[in-house]
Amino acid sequence: MKKISQKILVTGGAGFIGSHLVDALIKKNHKVFVIDNLSTGFRKNINPKAKFHKIDLTNHKKIENILKIEKPEVIFHLAAQIDVRKSVADPVFDANSNILASINLIKLAHQYKVKKIIFSSTGGAIYGDTKNRPTGEKESEWPLSPYGIAKLTIDKFLNYYREVHGLNFISLRYGNVYGPRQNPHGEAGVVAIFFNKMLKGAQPVINGNGKQTRDYVYAGDVVNANLLALKHFKKTGIYNVGAGKETDVNQLFREINRHFGDKFKEAHGPAKIGEQKTSCLSFAKIKRELDWTPETNFQDGIKQTFEWFRENSK
Ligand SMILES: NC(=O)c1ccc[n+]([C@@H]2O[C@H](COP(=O)([O-])OP(=O)(O)OC[C@H]3O[C@@H](n4cnc5c(N)ncnc54)[C@H](O)[C@@H]3O)[C@@H](O)[C@H]2O)c1
Numbered sequence: 217m218k219k220i221s222q223k224i225l226v227t228g229g230a231g232f233i234g235s236h237l238v239d240a241l242i243k244k245n246h247k248v249f250v251i252d253n254l255s256t257g258f259r260k261n262i263n264p265k266a267k268f269h270k271i272d273l274t275n276h277k278k279i280e281n282i283l284k285i286e287k288p289e290v291i292f293h294l295a296a297q298i299d300v301r302k303s304v305a306d307p308v309f310d311a312n313s314n315i316l317a318s319i320n321l322i323k324l325a326h327q328y329k330v331k332k333i334i335f336s337s338t339g340g341a342i343y344g345d346t347k348n349r350p351t352g353e354k355e356s357e358w359p360l361s362p363y364g365i366a367k368l369t370i371d372k373f374l375n376y377y378r379e380v381h382g383l384n385f386i387s388l389r390y391g392n393v394y395g396p397r398q399n400p401h402g403e404a405g406v407v408a409i410f411f412n413k414m415l416k417g418a419q420p421v422i423n424g425n426g427k428q429t430r431d432y433v434y435a436g437d438v439v440n441a442n443l444l445a446l447k448h449f450k451k452t453g454i455y456n457v458g459a460g461k462e463t464d465v466n467q468l469f470r471e472i473n474r475h476f477g478d479k480f481k482e483a484h485g486p487a488k489i490g491e492q493k494t495s496c497l498s499f500a501k502i503k504r505e506l507d508w509t510p511e512t513n514f515q516d517g518i519k520q521t522f523e524w525f526r527e528n529s530k
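Per the working numbering, residue 217 is the first one in the sequence shown, and the count goes up by one each step.
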C-alpha cells in the first residue's frame, strides 16, 4: 500500500513559493516542518499547521540537530539568497548561503536517510542567453552570475549524491515565477515590483528598451510541479518548469497596466549592465515524464496576482 502522509521538510517555507508549497502539502495531509531564517520570507506566510524552526541554513551544526530530531523522509529545498545582483556584488556571501549550506543539507540528507530531495533550481540563470528557445535540459550550461553558478553546482552535487551514494533527487529549473505573496522589496520579481509600485500610484520604470524576454510561470503551477516530483517518487533528474512562452517586459507592463485602466505610461530607464536578454524554457520533458503542464495562462495569472496585491497592499 502506498503511504499517504510523509514527514517533509520545506526549507524556505516562509517565502513566496515555499509557503504555497507548504499549504499544498498540508492539504494533502503531509506532516510538514519549515526551516527559514526569515531574511526575505515572513512568519505570517507559514501555515499554522507546519512546525517552524527559525534557523539559518549556514548554521550547519543546528541544521544537523534538527534533521537528527525531526527525521524527514523528503526535503523540498527552496531556501536561497535569490537576488542575482546581490550574488554579483557579494559572490562569497552567495556561495556560503547557496552552495555550502546546500551541500551540507544534501550531505545530512544522505547521512539521515532522507529518501528524496526536490530542489528549486533555475532555468534562465543556468542556460543564460541561448539561441535554442524554448530551451531544453540538454542545452549547455554557462551561467553568467554567481547565483546561476550556485544553482548549477547544486544540481551537479545532487547528481553526484545520487550516482555515488544512491540519494534520489529531482531538480526543478524554474522560469520567472510570479503570483500572490511574491516579495516586491528586492531586485527580483518584476511582476511584484510593478504591482507594488502601481498600487501606490507610482510610475514603474522599465530597464532599457524592455525587449528582454522571460518565461513567466505561475506560482500555483510551480507548486504543482513540486507535488508531481513527490508523487512520481522513483523519478529522478533535472526538469525545466516554464510556460514555454517568451514575454518581454513591455508586454508584461501593458498586461499589468490594463488592471489600472491603462493609466500609467510606458517609461524606460537605463539598461542594467549584464542583464540577460532572453529566456524561454521547454517543458516537454516534465510533461512527458511527470505529466505536468502550465495550467494558468499569463492573463489569468496576472489577474489573480493583481487581486492578491490589491487586497494585501492596503
Ligand atoms: N521566484 C522565481 O522567479 C524563482 C526562479 C527560479 C528559482 N527560484 C528559486 O525558488 C526558491 C524560492 O524562491 P522564492 O521566489 O520563493 O524566494 P523567497 O525569497 O520568497 O524565498 C526564499 C526563502 O528562503 C529563506 N532563506 C534565504 N536564505 C536562507 C538561509 N540562509 N537560511 C534559511 N532560510 C533562508 C528566505 O527567508 C525566504 O523565506 C529559491 O531557491 C529560488 O532561487 C525562484
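C-beta: ideal position from N, C-alpha, C; glycine also.
The beta carbons of Gly391 and Tyr434 sit no closer together than 8 Å. DSSP places Ile333 within a strand segment (E or B) once states are collapsed to three.
Counting only residues of its own chain and dropping the five nearest sequence neighbours on each side, Ser529 has a CB closer than 7 Å to the CB of Asn412, Leu415. C-alpha of His276 to C-alpha of His269: approximately 14 Å in a straight line.
Per DSSP, His484 is one residue of the beta strand (DSSP E) stretching across 483 to 485.
Rounded to the nearest whole angstrom, the CA to CA distance from Ile333 to Gly436 is 20 Å.
Gly453 is not a Cβ neighbour of Leu497, given a cutoff of 8 Å. With at least 16 other beta carbons inside 10 angstroms of its own, His293 counts as buried. Pairing Ser313 with Gln297 gives a Cβ-Cβ distance under 8 Å. Looking at the backbone, the Cα of Ser235 and that of Gly228 are separated by about 8 Å. CA-to-CA, the gap between Leu237 and Asn442 works out to about 8 Å. In the DSSP assignment, Ser235 falls outside any beta strand (DSSP E) and lies within the alpha helix (DSSP H) extending over 232 to 243. Looking at Glu471, Gly352, Gln492, Glu357, the one whose alpha-carbon comes closest to that of Arg504 is Gly352. Placement of the Cβ of Phe232 at a distance of less than 7 Å from at least one heavy atom of ligand 1 is found.
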